[in-house]
Each structure stands twice: as C-alpha cells, then as structure tokens.
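Trainee:
Number of protein chains: 6
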Amino acid sequence: MIEGKRLLVVSAHAADYVWRSGGTIAHYLKHGAQVKVVCLSVGVRGESNDLWKQPGQTAEKVAEIRTGESEKAAALLGIQDIEFWGLQDYPMTLGMQEQERLLRIIRSFRPDIILTHDRNDVLNPDHNHVHEFVWQTAIMSNSSGVETDGFKATKQMRLYGFEPHQTELSGFVPGSFIDITDVYEQKVAAMQCFQAQKHLIKYYTDRASLRGNHARRISGDASIEYAESFANFFPVVDTEFH
Amino acid sequence: MIEGKRLLVVSAHAADYVWRSGGTIAHYLKHGAQVKVVCLSVGVRGESNDLWKQPGQTAEKVAEIRTGESEKAAALLGIQDIEFWGLQDYPMTLGMQEQERLLRIIRSFRPDIILTHDRNDVLNPDHNHVHEFVWQTAIMSNSSGVETDGFKATKQMRLYGFEPHQTELSGFVPGSFIDITDVYEQKVAAMQCFQAQKHLIKYYTDRASLRGNHARRISGDASIEYAESFANFFPVVDTEFH
Amino acid sequence: MIEGKRLLVVSAHAADYVWRSGGTIAHYLKHGAQVKVVCLSVGVRGESNDLWKQPGQTAEKVAEIRTGESEKAAALLGIQDIEFWGLQDYPMTLGMQEQERLLRIIRSFRPDIILTHDRNDVLNPDHNHVHEFVWQTAIMSNSSGVETDGFKATKQMRLYGFEPHQTELSGFVPGSFIDITDVYEQKVAAMQCFQAQKHLIKYYTDRASLRGNHARRISGDASIEYAESFANFFPVVDTEFH
Amino acid sequence: MIEGKRLLVVSAHAADYVWRSGGTIAHYLKHGAQVKVVCLSVGVRGESNDLWKQPGQTAEKVAEIRTGESEKAAALLGIQDIEFWGLQDYPMTLGMQEQERLLRIIRSFRPDIILTHDRNDVLNPDHNHVHEFVWQTAIMSNSSGVETDGFKATKQMRLYGFEPHQTELSGFVPGSFIDITDVYEQKVAAMQCFQAQKHLIKYYTDRASLRGNHARRISGDASIEYAESFANFFPVVDTEFH
Amino acid sequence: MIEGKRLLVVSAHAADYVWRSGGTIAHYLKHGAQVKVVCLSVGVRGESNDLWKQPGQTAEKVAEIRTGESEKAAALLGIQDIEFWGLQDYPMTLGMQEQERLLRIIRSFRPDIILTHDRNDVLNPDHNHVHEFVWQTAIMSNSSGVETDGFKATKQMRLYGFEPHQTELSGFVPGSFIDITDVYEQKVAAMQCFQAQKHLIKYYTDRASLRGNHARRISGDASIEYAESFANFFPVVDTEFH
Amino acid sequence: MIEGKRLLVVSAHAADYVWRSGGTIAHYLKHGAQVKVVCLSVGVRGESNDLWKQPGQTAEKVAEIRTGESEKAAALLGIQDIEFWGLQDYPMTLGMQEQERLLRIIRSFRPDIILTHDRNDVLNPDHNHVHEFVWQTAIMSNSSGVETDGFKATKQMRLYGFEPHQTELSGFVPGSFIDITDVYEQKVAAMQCFQAQKHLIKYYTDRASLRGNHARRISGDASIEYAESFANFFPVVDTEFH
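Protein chains in written order, with the numbering used here: chain C, 729 to 970; chain V, 729 to 970; chain P, 729 to 970; chain B, 729 to 970; chain Z, 729 to 970; chain H, 729 to 970.
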C-alpha cells in the first residue's frame, strides 16, 4: 500500500531524479505517499552542456536556468517538497557538514524508502560519491549513539538505486521494476523541462518503453506499458513473496 | 496476499523442501495458499548416509524409510499434495520424459510461484541439474507452441531458489527473506522426521535463527524471530516497492 | 576494412539474427563482406506465440510462415546465403551430427568473424545451448587433428555474442558497438517481416536508438544515430588500439 | 605450527575482534602465539545501541562501559596486549597520523598474520574504512623507502578478513576455516561481556556452530564442532597444499 | 607434511598434467607422497597439431607417439602409477561408465588431494567437461549410498584446479602457490618430451618463473624461484592459518 | 592508423609506464603518434627498495637516481615529452590542484587515447588512487561547464588500463593486446635502466613473451612474438569489428 508511505529522493544534479525516478515519484504521490526530494547540486558544471554553448554564459545564469527547469519539472510530477543545496558539481565534495544535514532530514522526515544513485556509474563520478554519501548516512541514522538535535534514531529504511545511463558497463542489475503506466504522460512532460539535455528526453522515453517490455515479460502482466527499474540495496523482507 | 496463491515446490531429494522451505510452505498453507510438492527422488544414494551404516541395508528399504519420513514431515507442515517420482539420485538424470511430466504439472497446477534449487550448489550436482531442469521447463511452459495434452500455456510465474548448504561457496545471494516465525514449531517438528540426517536438524534450526536476525536488521521489524531466505530468479515487478 | 571479410551468423531461431545483428549484417554486406546465415530452427514452438492463437494451427503451417518471413527479412538485408536446418526448438538438441555439419560450414566458408548468441540468456535455454554449441565447434575447427572431409583446420576467428533480450539479468556486457546508422532503414524493414513477434519490432527499434546514444557518448562521434552491441568472446588483438 | 607466531588483530570497534575472531585468538594464544589487539574505537556511537536507551546517558559513560567490557572479554580470551585508540566511530576518520601509528606497530610487533575487517560490509561503513586503512598500511610497511623511526621494513605478512554480519550481501567468501573447538567455551564467555549487543551473542554462538558444520563437511574431520571463517587476502604459498 | 599423502591427478589430455602440475607432482613424489595419474585421452585430435602436419599421419600413429611422450615425461617426474584411458578428445564424452571407473579409482586409491582442470577454460571445452566430471564423481564418492564393488565411501578430499592457458579470460584465481624450485629441472626435462607442442615448453617455463615471482612477493620468502598455481575448490580448513 | 594519434600516459611512479606500456609507446612513436608521459612521482618511497639498502641513502638522492633512470628509459623508447610532477608516493595524495593540472594537460594535449593504471591493484594503493584520479579528470574534461583557462571541453577519449603485477588477484581482464614485436628490443633496453627493480626486468620480459603467446593464439597471427595487454575502460565503438 503506497498510501501514507514516505519517500525520500536524493539526486546528485537537477534532473537525475526526473530521468531516473520521475514516474515512480509521480505514481507514489498520486496514490497518497509523502515525497521529499533533495537536489544536492543543479549540475552547473557537469550537466548543462548545451547552456554553456551560449556566448557570455555564467555559472549564475546556468544555475538559475537549471533550478527553474527543475522546479517546473517537480511541479509537473506533483512534488511540493523539494530543496536545492546548491553544492558545486564536477567534482562534488560531500563532507561532515553535508552528512549532518542529510542526517537531520532523514531523522525528521523518517522515510520508509530512500531512492538515490546506485553503487557505480562508469561515466559519472558525482553519482558514485552521492551513493556512498547517502548509504553511509542512512546507516548512521539507525544508530542511537549518533546524536542529532534530539531526533530519534531510525529503523532501517529501504534503499533503492537509480538506473545509471549505461547500465551494463556500470554493473547495474534491476531488482525492482515499478509500473509507471498511469503517470507516464506526467513523466514525459517533466522531462521536457530540461532543454539543456535534449538528447536525454528521447533516451529516457525509449528507456521507459523498454523497461515496460521487460516488466511485462517477467510478470506476465500485459497491462504494463512503461516502467522504471531500480537496484535493490537489500533483499525483500516480508511475510510473502513479491 | 497469500490467500488463493498457488505454490509449486520442486525438491531434488526427500528432505530438501523441508530444510530449505518448510517454514515458507507451512506459512503459505496456514494463510490460505494451495501448495504442491514434487520430490524427484528420495535421495536413496546421496542423502541417506546414516541409513547405509546399518548392516544388510538395501535400496528398497532406504527408499521406504525415506519416503515415510518425507510423508510424515509433509503432513506436519500441512501439505496434502505431494508426489514422489522415485528417480535415481547421485547422479540424477532428467530427460525429455521428465520434462514433459513437469510441464503437465506446471500447466495444470498453474503456480503463481515455483520454489526449487538455486543455480549452483558447490557440494551437490543433483541440485544443479534440478535447477536447470525446472528453469527450462518453466520457460517452455510459457510458450503456446509447446503443446501438452491441450493445456494452455502459462504466463511467467515467479521463480525462487533454495538456499544451498554452503551459501557463500555456492554464490548464493538472498533476494527474499520470508518471515516464518508463526510456523517455526511446525518446521522444527517436520525436520525431526529425518533421522538419517540428524546433523542437518541442528544446522537448519540455527540457520532459521540467523536468517531471522538478518531479516530483523534489514527490515527494522523486531517481531521477526525466524526466517528462510531465497534467491530471486527475477526482479520484483509491481506498482510499489517491497 | 570490411571489404572481403567473411561473416558467419548462427541464429537459434528464425528471427534472432535480425533483431540482434540485422543492422550489422546489412552494413557488412553494403561494404563488401561475404555473409552466411545459419538458422538452426525457425522457432515453431518457442518463438511463434501469436501464430498459435489461430484456431487449427499446425506446426507445418507455422514453420512455413516463419521460414517465409525469415527469407523475406534476409532478402531485405541483402543476404543471399542463408540456410535453415529445421531443428526442433524448445528444447533444442544439438548433437554430434549437428556439430559436424557446422564444422564443415566453418571450414569451407572460413569466416573471419562468427556472430552468435552470448553465454547466458536468462529467459531462453535454446540460446544458451547454441552459444555452447558454436563456441565448442569453433574451437574444434582450429585443430588439425579433427578431420572433416579433407577441409583444412582454421585459425582462430573472432567470436561475438548477440545482445540477449534482458541484458542486465543475463550478465551481458557490451564489448563492441557497431554503427548501423547507414542501414537502419533496412533493419527496420526487415524486422517488420516478423508479424508473430510484433512487440519485438518496437523493442528492437528503441534498442537501436539507445545503443546509438551509448555509442555516441563513448566515442564522442556525434554522427552515430543507431547501433548494435555485441559481447566480445576474446580481447582485441592488433597493432593499435580501437 | 602456531608456537612463536605473531598475530596482530585490528578491530574497528570494541567487540568486533571478539565476535569475529575471538576463538582464533584464544586458540593461537593457547598454542603459544604472541597476540596484539588494536581497537581503533570502542563504538560509542555506532555499536552501543542498548546503552543509549538509558536516560541521561553520555558518551563518556558509554566509552567507559564499552572499554571495560572489552578489557574483560580480552582477559577471558587470554589477551594481554590490547590497546584502545579511542577514535570516534560512525563515521571513523583514519588519516596520516593514524597510518603512521599503525605502521610503527606493524614494524615493531612484526606480525606473521594480520586479522582485520574484510573488503566490504554492506551494513557498516566503518568496517570498510578500516579494511582499506589496514591493507594500505600493511603494504606500505613492506617498503624500505617508507621511513618510520628507524624500524626496518617488513616482508609481506599474511592478511585475513573477518566475516561481516551479513556475509552474502557483503560478498564475503570464506578462504580459511579455523577450528576453535578447543577454546569455544572461552569465546562464549568473552562474548557474554558485551551486554549492549545481546542479540549478537546468540547470533555468533549459532554462527560458530554453522561454521563448524561447514568445516566438518569440507574437511571430512568429524572432530570439528565450532569454527570461525576468514577471507584470504592472498593465496596460500607453501611447499605443500593445505 | 607431504610424506604419506596420496595425490590423484586427472588430466584431460596426455600433457596437461605436466604443463600444469608437473612440478608439484615431482615435488610431492620427492618428499614421500603416493601419486597416481589418470590421462583420460592422449589428445590425438585436439592437442597434437604439429604431428598432423606430417603427410600420411594416422590417429593410431599419433596416439602411439603421444602416449610414448607422456610415459617418458611421467618417468622423468618420478611417476610410477599412470594410466591411459584412451578416450576420444575434441569432443570428449564422459558418461556413466567413465564415472564408475573413476569412482572405483577414487575409492581404492583414496586420495587426500585431487588435482584436475579448473571450472572454466575459455579455449578448451574438454577441460571444462573433465572439471565437471571429476568434481561430480568426487562428491558422489563421499556418499555411502553410492555402491561400488564394496569399496567404502570416502571423506571429502581436497580438490584443486589447474591453471588454464589464458587465466584471466577463464576467470582463474590462484588459491595456492606450490614452490617447485627444488624440482624445476625435472619439470623442464619432462616438458621437453612433448615435441608436438613446442610453443608450450617455452610458455610454461616462463610461467613457472612468473608464478615464482608472485609467490615470492606474497610470501616474502626470497628462496622461491619457481612455482605452480592452483585454484582452491574449497576453503582451507585447519587448526591454524597457512 | 596510428599516424597522427595522440597518446597520453599517466604513470604513478617512475617506471610504471615502461613495465606496462613501454612497448606500446615505442610502437606508437615509431608509427607517427604524438606521445606525452606524466610521471606523478618517481616512487622514492614505494618503488626504490634496492636503493634504500645503501647506507646513508636520502630521499633526494633516490629521487635524482630514479628520475635519471626514467629519463634514460624514456629516451630509449623515443619519448620526447615527459614530465615529472614529483609528488610523494606511498601514500600518494591527489587533490583539487593536481586535478586541475591534469585537466589542463588533457585539454591542451587533447589525447585520443589515455593509458593509466587499471581499477584495482591488490598490492599497490597508489595505483588505485591514480586510476580514480585519471578517470574522474578525464570525465570532467568532457564537460563544457568545467572551465579551465579557456581550453575547450574534450570529447570522450579512449581509456585503457595497465596490467597490474598480479593480474588475477587484482581482477584484471585483458581487453586489448598490442603487438610490440617490432619494438621489443627497445622495451628491453628501456627496462634495463631501472636498476633498483632488477627482479621486474626479468618479470616483464617473460610477461611480454606470455602475452605474445596469448595474442598469437587468439588472433591466429603467427607473426606476433611479444605483446602488452590492457584493460578496456569502454567498449570498442566503430563501423566494424576488431
């Protein structure tokens, strides 16, 4: 049951959460979940190539444009709670201060599920740092001895990894397919907001269709047209199989 | 929801289904599932060591004893539908005839879930053959062009792999933990039936406790005391995470 | 230089060579290569699902339709040398006789390159058998002591593996991307011939586009629009890097 | 021959060396080895959950309790040489200064064997840092150009990795089983000292029994009742097989 | 202690046991072990390339030459107990009859150690079949229910895998290095016997030197000049580390 | 075609580029490539063991000797463009400043190919840091938003990994073999310059011969006598197979 579930999404750059989990976020929101998105950077340096082709471009303008695009996309997905940390990207440095900030978010928001980058992206060092950062902080959050402004320790929440761009080269293995058929149009609309990465709009549209095919074949459920896939950090634990 | 689910278990020898999935079977039965167990052999040659220490022992007597033990264990788990194919073990030969027999069972029983041996058991060649046999037959069952007595083709059912005896050496990775706390006593009672493998009763009792610890830590659910773990042949496909 | 190269393609079923290497074949033919295709079966049982939905369908009719489709597709790709062995599929049995037949083909055609199924397809046992069969025969072909009608032993030719349908679950890792932009229309036309597998036409059209994106990103060559990917059985050996 | 061997154990927290190698340490001491244990932290933040449930708890009190428990456990195992570095845990920072400190210990103690955490613990970032730290320092210690207070460079000592808590998820593969049957009671007694981690006492008691079963099966030696397992960082090098 | 140990070596072709374990065999014999070698084939078809270049060559002559070479090499290594099964190679078929024959050898010779081909040789299908064959038979041998001419079941002996020719492509990982410095000259002399595979004499001479370098670096034992490496099928089980 | 290609080699220590890619460099230079070598350190601490055995040795003298050896080796290989950064080794620290320095080199030299250390060297932490450093910087270099003194962003160049010393333990898999037969004498001469690492001269001479054997077997090209092997960071992308 999605209703009442709390989903935290940690995105290295301004658009990662849209390409890789926009459908799942919209679907969770549509069915009654609370969703919070943290964008560590807006990808000024590493994910705004087309914007830098304009003469006289500055980091400030790029940041403004990218933030605007991301806010618009978030709105289209139904996200009301999104925060931008404005960290530098390429390279991204995640220290003690960032760790405490994320820890407070985890302990106050108390997510059932965290979505973030998977272990390895062969073409993006920032994604790997974010994976390590989120994983470490999530583990620390479970420990009562790690004190943070009086927030209580959490229990182990579920962690899932985004699909990286070139999956096989990055050793990505899908552990979960989420059916996003009922919100697919929203995802497409949200992706259209990112004009600095036009080639990815086509890419992730095709991707959703391929993952839909995979999900259909594996489940035998012919109604799935579009899907997103995620790596499972942990095994499923339940009173029944899924 | 377990109620109404159909679970098929294919076991290489007389006791495999009990050691490795006895709790899950009892739990599924308790909550309203239909369960069918197929024992390909009773393990006369490969899994009855202690019985062969008795002077004058014969294959017939061993088979009779092992079948009796397995029937008793099945009854304790609540299993009403179990069949013994009586194949030779060590080595086990699974040919076209066995494949058609299993195909008919899959197509007539129409399981939602099949449990059987995982891909690799570093200490048991029979287990590996059974894995290959069940996987191939399950795939074939989905194809309309494979004709079997007029039974309709299936859709892809879920497949899960038993935990082998020495997991890390066999490359086993748990994909699902099933909480068996509510039927643990039944599993222990069923295991007690196999007097030719006493060392395994202690082993799988400890195992259930360790897996319970693992499941508790990963899920944060303190009520789990005992669990069984399984490999996922396929990713989870659903409208939500599990 | 493609001109003069000899390319042998071994396909488990009637359409595999088209979905997985149709662009590469057309591209090689266009640039002067000799291509020979061997279809071990036409996939009557395992890959003709939609045809079996027609009342009164028979294996003979399905075989006829599938062979016709495959011949038409081959013609559209420019293939003049294709042979159909008509083996049963699902399951496919490849014995000594088939091995000698393939050996004679390898030794008489003397390919520089063999394309066939990769090591593991998690959803298709036939594909795995064909991989093993082709790999073993190719190794045997290099040995002078293996006598076949007076044909001389070969030297080690290059072997590449087709992309399976669900790549990450099958452990597929791309070793080579072939740019098929200049023959893409031919591949699409050829795929349209297989009306029993309509869902795959959309799938492999999207796939070519995704692989084009991957190839572009890795090579920095913006002219690549469509690509096919293959596993490398062996490292590249040359006087320079590629 | 254990007699005269020098064994260095590097433990991230106060109890790791007991859960994971307490039996091996006691056994080595019993048979004449020199053993030195370094506890980098006492696990105030990350491994003292139950202690933090007491109202008014402070880091100082937790540290005192944990150090006391660890000293008591060490004494029960027969360890006379143990040092507590008192580093912070969760997260643990291991810099140049710590590296020089460990280097001096390695070069002055001159261990034949170092035991420490294995490469990957999916539930404990500190363990991973300690692995990297010990491995790097051990490699550096072999190099004459790395100068430390006049101590001579070492030759390559043996390195073994502790079993992490959830072995399969962490990719742990046992390379060595050490038979701890003759000191099992000591290990159990030592484990009882850690009252903040009661759930682990049961866990590692069961574990020793399972590993005993594994060791027995693999070696054919029926006298092994309890064992500990370790990952081999390096292959065995000798004039005979083991 | 090597003295009194019983070592069984199962070799796919006439020279495999020499290239891959000739030094270890000579070393074991020199120090008092019992060694038995089984050559399943003499490699008439797959490993006698140069002999087939002679006009008028026949399988009979090749078999005679290869058997003679192997007997001479065995003598130089000090082997007195070697048997040639004369199976066909390329491909090699190992059925029930061969399994019973090996089973009788294992149960009568009662080896402490079996050396044979490792799991995967990317360039030699016969080697893979022999691995599977020996591993299965060794497991079966431990089971009392598998009856063979009244021979008693064995306990689990140690199993080690030969280094294949292209190790990294075959996924070979050294688990044990055996120092063969004291018998190196014998190994070189034995290798010289195989005139149909001259390129391998140079290859395995270099190999012994590289493995010596590896073993020296890992052990810190400067006296090791030449070594052979093997994969460990099972972890080391003992009362101490090695 | 090598002519006109631009090859950048990044070496952790003074001799790494010679042992691991000296033949490839000489071959590329001979055939008209531009080559630039960056030596991050000269390996004063970690790779000059024999020099430190001389009484009264100092870091300055070692650095001078090692730099001299490396310059001489470079000259013998035909390298005219080599720079020594003089960083400390064992451990090596690579921060933001070093990253910008390398970035400027990549963007001004604009290599088609970068050679550096592979992902994992089980016996050398510096090598691993250099891998990570070069990979991250190469990725960053492709991004227009990462500004460096007005140099234009690059397109993705090819990246290849050096063979580490103990390949199988380090998980190295050869992706490319480069035939160095025509420059082998030059490589041997260059290796002779490094008198502090005499044992490696023999080692890498044998290695070139083994890799030549491997390359010959895989390619069927009997003219290859010596080769170097490299890991492919990325798949081959081209209009044909290699």
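The beta-carbon is built from N, C-alpha and C at its ideal position, and this holds for glycine as well.
Given the structure is predicted, the values throughout are model-derived calculations rather than measurements.
Using the Cβ count rule (16 or more neighbours within 10 Å means buried), how would you classify residue 670/Z?
Mentor: Since the first residue shown for chain Z is 729 and the last is 970, residue 670/Z is missing from the structure and cannot be characterised.
Trainee: I need the DSSP call for residue 740/P, collapsed to helix, strand or coil.
Mentor: As a first step, residue 740/P is located in the third sequence; it is residue number 12 there, counting from the start. It is coil, neither helix nor strand.
Trainee: Output the distance between the C-alpha atoms of residue 989/H and residue 857/H, rounded to the nearest integer angstrom.
Mentor: This structure leaves residue 989/H out entirely; chain H is present only between 729 and 970.
Trainee: Just checking: is the beta-carbon of residue 931/P within a distance shorter than 9 angstroms of some beta-carbon in chain V?
Mentor: Counted from its first residue, the third sequence places residue 931/P at position 203. Not one chain V Cβ lies under 9 angstroms of residue 931/P.
Trainee: How would you label residue 836/P, buried or exposed, when you count the other beta carbons within 10 angstroms and need 16 or more for buried?
Mentor: On the third sequence, residue 836/P is found 108 positions in, with the first residue counted as 1. Residue 836/P is exposed by the Cβ-count criterion.
Trainee: If you draw a straight line from the alpha carbon of residue 921/P to that of residue 757/P, how long is it in whole angstroms?
Mentor: The count along the third sequence starts at 1 and reaches residue 921/P at position 193. The count along the third sequence starts at 1 and reaches residue 757/P at position 29. One C-alpha to the other measures close to 20 angstroms.
Trainee: In three-state terms, what does DSSP make of residue 932/B?
Mentor: Position 204 of the fourth sequence, counted from the start, is the residue given in the question as residue 932/B. Helix, per DSSP.
Trainee: Could you pull the DSSP bridge partners for residue 888/H from this structure?
Mentor: Walking along the sixth sequence from the start, residue 888/H turns up at place 160. DSSP, once it has assigned bridges, lists 843/H and 960/H as partnering residue 888/H.
Trainee: So is residue 837/B in contact with chain Z if we call contact Cβ pairs under 9 angstroms?
Mentor: As a working note, residue 837/B is residue 109 in the fourth sequence. Chain Z contact via Cβ: absent.
Trainee: Hey, out of 772/B, 802/B, 780/B and 808/B, whose CA is closest to residue 794/B's CA?
Mentor: Reading the fourth sequence from its first residue, position 66 is the one you call residue 794/B. If we check each option's Cα against that of residue 794/B, 772/B comes out closest.
Trainee: Since residue 928/P meets chain V, which of its residues come closer than 7 angstroms, beta carbon to beta carbon?
Mentor: Residue 928/P sits at position 200 when you count from the first residue of the third sequence. Under the 7 angstroms cutoff, chain V gives no residues; its nearest Cβ is about 14 angstroms from residue 928/P.
Trainee: Starting from residue 907/Z and walking both ways along the beta strand (DSSP E), at which residues does that stretch end?
Mentor: Counting from 1 along the fifth sequence, the entry for residue 907/Z is found at position 179. Here the beta strand (DSSP E) through residue 907/Z covers 904 to 907.
Trainee: Using the Cα positions of residue 799/B and residue 786/B, report the straight-line distance between them to the nearest angstrom.
Mentor: Taking the fourth sequence and counting its residues from 1, one reaches residue 799/B at position 71. Taking the fourth sequence and counting its residues from 1, one reaches residue 786/B at position 58. Roughly 20 angstroms between the two C-alpha positions.
Trainee: With a CB to CB cut of under 7 angstroms and the five nearest residues on each side skipped, what residues in its chain are close to residue 749/H?
Mentor: Taking the first residue of the sixth sequence as 1, we reach residue 749/H at position 21. The residues are 737, 843, 890 and 956.
Trainee: Mind reading off the beta-carbon distance from residue 804/Z to residue 918/Z? Whole number of angstroms is fine, and I expect it under 8 angstroms.
Mentor: Within the fifth sequence, numbered from 1, the residue matching residue 804/Z stands at position 76. Within the fifth sequence, numbered from 1, the residue matching residue 918/Z stands at position 190. Contact flag correct, Cβ pair sits at about 4 angstroms.
Trainee: What are the boundary residues of the alpha helix (DSSP H) that includes residue 800/V?
Mentor: Locating residue 800/V in the second sequence gives position 72, where the first residue counts as 1. Where residue 800/V is concerned, the enclosing alpha helix (DSSP H) stretches over 787 to 805.
Trainee: Is residue 963/P close to chain Z, meaning its C-beta is less than 9 angstroms from at least one C-beta of that chain?
Mentor: The residue labelled residue 963/P in the question sits at position 235 within the third sequence. Yes, because at least one Cβ of chain Z sits closer than 9 angstroms to the Cβ of residue 963/P.
Trainee: Looking at the structure shown, is residue 955/C part of a helix, part of a strand, or coil, going by DSSP?
Mentor: For this step, residue 955/C is matched to residue 227 along the first sequence. Here residue 955/C sits in strand by DSSP.
Trainee: Any C-beta of chain V within less than 8 angstroms: which residues of the stretch 899 to 917 of chain B qualify?
Mentor: So the list reads 900, 901 and 902, given in the order they occur along the chain.
Trainee: Please confirm if residue 815/B has its CB atom under 9 angstroms from at least one CB of chain C.
Mentor: Taking the fourth sequence and counting its residues from 1, the one referred to as residue 815/B is at position 87. Chain C, which has no Cβ nearer than 9 angstroms to the Cβ of residue 815/B, makes this no.
Trainee: Using a beta-carbon distance cut-off of less than 9 angstroms, what residues from the stretch 818 to 848 of chain H approach chain C?
Mentor: Within the stretch 818 to 848 of chain H, the residues whose Cβ lies closer than 9 angstroms to some Cβ of chain C are 824 and 827, listed in chain order.
Trainee: List the residues that DSSP assigns as beta-bridge partners of residue 811/C.
Mentor: As a first step, residue 811/C must be located in the first sequence, where it is residue number 83. DSSP lists 766/C as partners of residue 811/C.
Trainee: Is the beta carbon of residue 966/B closer than 9 angstroms to that of residue 907/Z?
Mentor: Counting from one through the fifth sequence, the residue named residue 907/Z turns up at place 179. Counting from one through the fourth sequence, the residue named residue 966/B turns up at place 238. In contact: residue 907/Z and residue 966/B (Cβ atoms closer than 9 angstroms).
Trainee: So is residue 872/C in contact with chain B if we call contact Cβ pairs under 9 angstroms?
Mentor: Along the first sequence, one-based indexing puts residue 872/C at 144. Yes, residue 872/C counts as interfacial toward chain B.
Trainee: Using the three-state DSSP reduction, which class does residue 966/V fall into: helix, strand or coil?
Mentor: As a working note, residue 966/V is residue 238 in the second sequence. Correct three-state label for residue 966/V: strand.
Trainee: Please identify, using Cβ separations under 9 angstroms, the residues of the stretch 753 to 780 of chain P that lie next to chain V, in order along the chain.
Mentor: Answer set for the stretch 753 to 780 of chain P: 771, 772, 773, 774, 775, 776, 777, 778, 779 and 780.
Trainee: Could you name the residues of the stretch 935 to 966 of chain V whose beta carbon sits closer than 9 angstroms to any beta carbon of chain C, in the order they occur along the chain?
Mentor: Correct list: 942, 943, 944, 945, 946, 947, 948, 949, 950, 952, 955, 957, 958, 960, 962, 963, 964, 965 and 966.
Trainee: Nearest to residue 763/B by alpha carbon, out of 731/B, 744/B and 782/B?
Mentor: On the fourth sequence, position 35 is the one that residue 763/B refers to. It is 731/B whose Cα lies nearest to the Cα of residue 763/B.
Trainee: In the DSSP assignment, what are the bridge partners of residue 726/H?
Mentor: Past the boundaries of the shown model lies residue 726/H; chain H is included only from 729 to 970, so the question cannot be answered.
Trainee: Let me know if residue 824/V comes out buried or exposed under the rule of 16 or more other beta-carbons within 10 Å of its beta-carbon.
Mentor: Along the second sequence, read from residue 1 onward, the residue named residue 824/V stands at position 96. It is exposed - the Cβ of residue 824/V has fewer than 16 other Cβ atoms within 10 Å.
Trainee: Please classify residue 781/H as buried or exposed, where buried requires at least 16 neighbouring CB atoms within 10 angstroms.
Mentor: Residue mapping note: residue 781/H aligns to position 53 of the sixth sequence, counting from 1. Exposed, since its Cβ has fewer than 16 Cβ neighbours within 10 Å.
Trainee: Thinking just about the alpha-carbon of each residue, which of 846/H, 809/H, 779/H and 873/H is nearest to the one in residue 819/C?
Mentor: Locating residue 819/C in the first sequence gives position 91, where the first residue counts as 1. Residue 819/C has its Cα closest to that of 873/H, out of 846/H, 809/H, 779/H and 873/H.
Trainee: Note down, in chain order, every chain P residue with its Cβ under 7 angstroms from the Cβ of residue 894/C.
Mentor: Residue numbering aside, residue 894/C sits at position 166 when the first sequence is read from its first letter. Chain P residues near residue 894/C: 942.
Trainee: Under a CB-based cut-off of 9 angstroms, is residue 747/Z close to chain V?
Mentor: Looking up residue 747/Z in the fifth sequence gives position 19. Cβ-Cβ to chain V under 9 angstroms: no for residue 747/Z.
Trainee: Can you confirm whether residue 790/H, when its beta carbon is compared against all beta carbons of chain B, has any partner nearer than 9 angstroms?
Mentor: Here residue 790/H refers to the residue found at position 62 when the sixth sequence is read from its first residue. Judged by the 9 angstroms Cβ criterion, residue 790/H is in contact with chain B.
Trainee: Using the Cβ count rule (16 or more neighbours within 10 Å means buried), how would you classify residue 783/C?
Mentor: Position 55 of the first sequence, counting from 1, holds the residue named residue 783/C. It is exposed - the Cβ of residue 783/C has fewer than 16 other Cβ atoms within 10 Å.
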